[in-house]
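Residue numbers (my numbering): 42 to 412.
In structure tokens form, the structure reads like this:
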């Protein structure tokens, strides 16, 4: 049995190696502020911007002139003006866990710019490894778990999923939350709720749907309401606490990063929303609503008219939560980039494995039972 133990831990290492090999290093505009976060000094605000520019100019991992020197007036202002930079940076320091990770990676000697990307890669691979061990816990089959992890890594959008942003961390935290939810261990659920909020405040949308639907499920089944009610209270407490601590950055991100023009200064924009502009922006994106609708169609086919089962079966409930969250977030921020959508594919993998857990376990362990 020792060889199985060796393989159990060897395959995750192999997945990590493959993941590192197939990834394609890419940066988006956020790298400016996350790199600046490494050098941020509250007592000396202009240090962050100046040190960030120096780090970019000296980094061998990025072409400063071609990729980073801004092509827009907005970008030039952020690079060249302390006030403009500080206005934008206020949106980023609320990403506590991601920034702490970046600082840790840089502290052990990694280039500042590359540290931002490595943090994203680390959490993307962590999500894959978490799914590997989840599959193994369900099926007790090493090879199946490895194939699932390999399937995720080799998907073309896995490369696009990894950028210099905390979207991979957000996905990792939601996957953990779904797994802990399936485990039905209360203290693990509460911890994962707190961790998810700390990772990204807009995860409260997923958390809200999850435990409101769970509340409905428990009412239908006449079960205890303690877990959903307490989870909602915990999530709201940490959401409001972290927003107040970081000068309401979470609220402002949700408000200013929705239908308002992105290439102007969010903190100085008038607090008005044009519904005409909303529709103009949403109409070209309507075809992409097919993405969640396909999940919804599959959900309806599985349930076969027994819609009550959507709330009763944990896997179907999480699927409904993922669909609802996707639609809400897509309406708020119409973008079909993989860094925003791939997390729902990962949640989908977890849901499918859990939904068919009995069949999968029997399939991979039937010979053992006969012996």
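Beta carbons are placed, not taken as given, at the ideal position from N, Cα and C, and that holds for glycine.
Residues of its chain near residue i, where Cβ-Cβ distance is below 7 Å and the 5 sequence neighbours each way are ignored
| i | result |
| --- | --- |
| residue 405 | 180, 181, 182, 185 |
| residue 362 | 247, 250, 251, 254 |
| residue 50 | none |
| residue 22 | Only positions 42 to 412 of the chain appear in the structure, and residue 22 is not among them; the question remains open. |
| residue 403 | none |
| residue 369 | 246 |
| residue 151 | 159 |
Other residues of its chain near residue i: CB distance less than 6 Å, five sequence neighbours each side excluded
| i | result |
| --- | --- |
| residue 82 | 88 |
| residue 383 | 198, 202 |
| residue 395 | 223, 356 |
| residue 359 | 219, 392 |
| residue 306 | Legend: pLDDT at residue 306 = 45, less than 50; position of this residue unreliable, value from coordinates given subsequently. Correct list, in chain order: 128. |
| residue 187 | 52 |
| residue 400 | none |
| residue 126 | 90, 119 |
| residue 177 | 186 |
| residue 92 | 80 |
| residue 308 | Residue confidence for residue 308 is low, a pLDDT of 46 falling below 50, so the modelled location carries little weight and cannot support an answer. |
Start and end residues, alpha helix (DSSP H) containing residue i
| i | result |
| --- | --- |
| residue 228 | 227-240 |
| residue 187 | 183-195 |
| residue 259 | 245-262 |
| residue 380 | 379-396 |
| residue 77 | 72-80 |
| residue 374 | Run containing residue 374: none; DSSP gives neither H nor E here. |
| residue 175 | 153-180 |
| residue 125 | 123-130 |
| residue 224 | 208-224 |
| residue 101 | Counting along the chain, residue 101 falls outside any alpha helix (DSSP H), and DSSP gives it neither H nor E. |
| residue 267 | 267-286 |
| residue 133 | Taken as a continuous stretch (DSSP letters only), residue 133 belongs to no alpha helix (DSSP H), as it is neither H nor E. |
Given residue i as reference, the closest of the options once Cα atoms are compared
| i | options | result |
| --- | --- | --- |
| residue 76 | 219, 100, 269, 369 | 100 |
| residue 200 | 394, 161, 247, 232 | 161 |
| residue 240 | 366, 155, 72, 139 | 139 |
| residue 214 | 381, 194, 236, 226 | 236 |
| residue 189 | 366, 53, 359 | 53 |
| residue 119 | 164, 103, 154, 71 | 71 |
| residue 287 | 187, 131, 402, 366 | 131 |
| residue 10 | 129, 351, 147, 51 | Only positions 42 to 412 of the chain appear in this structure, which leaves residue 10 out of reach. |
| residue 263 | 177, 45, 352, 176 | 352 |
| residue 274 | 230, 260, 289 | 230 |
| residue 64 | 74, 367, 166 | 166 |
| residue 171 | 78, 378, 278, 390 | 390 |
| residue 164 | 176, 283, 141, 80 | 141 |
| residue 66 | 122, 125, 159 | 159 |
| residue 121 | 137, 151, 94, 196 | 94 |
| residue 257 | 282, 92, 354 | 354 |
| residue 123 | 373, 151, 90, 364 | 90 |
| residue 137 | 282, 364, 151 | 282 |
| residue 191 | 145, 62, 225 | 62 |
Cβ-Cβ distance between residue i and residue j below 7 Å
| i | j | result |
| --- | --- | --- |
| residue 169 | residue 55 | no |
| residue 221 | residue 233 | yes |
| residue 205 | residue 68 | yes |
| residue 245 | residue 276 | yes |
| residue 143 | residue 157 | yes |
| residue 208 | residue 380 | yes |
| residue 194 | residue 291 | no |
| residue 173 | residue 238 | no |
| residue 387 | residue 149 | no |
| residue 227 | residue 270 | no |
| residue 423 | residue 74 | The requested residue 423 does not occur in the structure, where the chain is confined to residues 42 to 412. |
| residue 103 | residue 153 | no |
| residue 385 | residue 397 | no |
Cβ-heavy atom distance, residue i to the ligand ZN, below 6 Å
| i | result |
| --- | --- |
| residue 252 | The ligand ZN is not part of the structure shown, which contains no ligands of any sort. |
Residues of its chain near residue i, where Cβ-Cβ distance is below 8 Å and the 5 sequence neighbours each way are ignored
| i | result |
| --- | --- |
| residue 47 | none |
| residue 303 | Its pLDDT being 44, under 50, residue 303 is placed unreliably in this model, and the value from its coordinates should be taken loosely. For residue 303, where only same-chain residues beyond five positions count, there are no Cβ hits under 8 Å. |
| residue 278 | none |
| residue 284 | 135, 242, 290, 291, 292 |
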